[in-house]
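Asks: In numbering that gives the first Met the number 0, the protein residues as written are 0 to 56. Glycine residues also receive a C-beta, built at the ideal position from the N, C-alpha and C atoms. In this text the structure is predicted, and so the values were computed from the model without any measurement.
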Amino acid sequence: MVVSRRHPQDSPRINILEPWDLQYWSDRWNVPRRQVVETIRRVGDQVHDVAQALGKR
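Structure (structure tokens):
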């Protein structure tokens, strides 16, 4: 899937309904998109919470 290169607008949340947002965080943390989605379902969509759950900064 080709996703245009966008960056979050300093949002504290990850929107899994936006392919570019999900791809951005997946690339940044070097984890599969599916893992980001599963983590969001467990801990919520706050960037800090997801990063912490993934062991990322």
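(1) V36 lies in the alpha helix (DSSP H); which residues open and close that run?
(2) Grouping DSSP H, G and I as helix and E and B as strand, with all else coil, what is R27?
(3) I13 and V42: beta carbons closer than 7 Å?
(4) For the alpha helix (DSSP H) that contains L53, what are its first and last residues?
(5) By DSSP's criteria, R12 is part of a beta bridge. Which residues make up the other side?
(6) Among residues of its own chain, excluding the 5 on either side of S25, which ones have a beta-carbon nearer than 6 Å to its beta-carbon?
Replies: To lay it out plainly:
(1) 32-42
(2) helix
(3) no
(4) 46-53
(5) Q45
(6) R32, V35
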